[in-house]
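Residue numbers (our numbering): 21 to 155.
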């Protein structure tokens with residue numbers, strides 16, 4: 021399974037991915053809290069962490085890349101030893117990435133400097149034409 025990125029987790033936790041991102045974050049919370057029995061794999065640790073502690077920590081400090089990386093590591097570890105969780109996490113990741121992609125990612129910093137300006141439109145993720153002086 022490909023690792024979940026810390027950037028995706030912080031976007032969802034901080035709310036920058038919009039309403040769909042908030043829904044994906046709540047869905048991850050439910051997934052992490054759902055108890056499944058880890059597979060009995062030789063060399064597996066005695067107890068595999070659920071990720072709940074790391075999820076709560078990121079929820080408390082949503083912009084922390086360190087906490088996001090810690091959550092990503094624990095999710096990957098749990099997915100390694102719990103195949104049911106891995107399958108659910110893979111499905112969750114696909115929908116979460118779609119949600120984040122629909123709303124865009126990153127910050128917008130619009131600045132107008134200098135002298136006289138004409139019409140200015142500021143924003144992010146425009147999804148329809150913008151026209152001026154239409155009859």
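Built from N, CA and C at the ideal position, the CB exists for glycine as well.
So, helix, strand or coil for residue 154, using DSSP?
-> Here residue 154 is taken as the residue at index 134 of the chain shown, counted from 1. Coil at residue 154, not helix or strand.
Same chain, Cβ closer than 6 Å to residue 94, neighbours up to 5 away in sequence not counted | In the chain shown, the residue the question calls residue 94 occupies position 74. Closer than 6 Å at the Cβ level, and outside the excluded window around residue 94, lie 69, 71, 74.
Ordered list of alpha helix (DSSP H) runs contained in the segment 69-145, each at least 4 residues = 72-80, 85-101, 103-123
Using only alpha-carbon positions, find the residue among 36, 66, 148, 26 that is nearest to residue 85.
-> The residue given as residue 85 occupies position 65 in the chain shown. Looking at the Cα atoms, 26 is the closest of the given residues.
According to the Cβ coordinates, are residue 44 and residue 120 closer than 9 Å?
-> Taking the chain shown and counting its residues from 1, the one referred to as residue 44 is at position 24. Taking the chain shown and counting its residues from 1, the one referred to as residue 120 is at position 100. Taking 9 Å as the Cβ cut-off, residue 44 and residue 120 qualify as a contacting pair.
Do residue 165 and residue 47 have their C-beta atoms closer together than 9 Å?
-> Not covered by the structure: residue 165. The range shown for the chain is 21 to 155.
Straight-line gap, residue 106 to residue 143 (C-alpha atoms, nearest Å) | Counted from its first residue, the chain shown places residue 106 at position 86. Counted from its first residue, the chain shown places residue 143 at position 123. Taking the straight line joining both Cα atoms gives about 38 Å.
Expressed to the nearest angstrom, what Euclidean distance is found between the alpha-carbon atoms of residue 55 and residue 149?
-> Looking up residue 55 in the chain shown gives position 35. Looking up residue 149 in the chain shown gives position 129. Distance between the alpha carbons of residue 55 and residue 149 is about 47 Å.
Compute the Euclidean distance between the alpha carbons of residue 52 and residue 31, then round it to the nearest angstrom.
-> For the purposes of this step, residue 52 is identified with residue 32 of the chain shown, where counting begins at 1. For the purposes of this step, residue 31 is identified with residue 11 of the chain shown, where counting begins at 1. Going from the Cα of residue 52 to the Cα of residue 31 covers about 18 Å.
Contacting residues, own chain, Cβ-Cβ under 8 Å from residue 89 (five flanking each side not counted) = Your numbering for residue 89 matches position 69 in the chain shown. Same-chain partners within the cutoff: 26.
Which value, in whole angstroms, describes the spacing of the CA atoms of residue 60 and residue 102?
-> Your numbering for residue 60 matches position 40 in the chain shown. Your numbering for residue 102 matches position 82 in the chain shown. Straight-line Cα distance between these residues: approximately 9 Å.
Residue 53 (DSSP reduced to helix, strand or coil) = The count along the chain shown starts at 1 and reaches residue 53 at position 33. Reduced to three states, the DSSP call for residue 53 is helix.
Alpha-carbon to alpha-carbon, residue 146 and residue 130 | As a working note, residue 130 is residue 110 in the chain shown. As a working note, residue 146 is residue 126 in the chain shown. Answer to the nearest angstrom: the Cα atoms are 14 Å apart.
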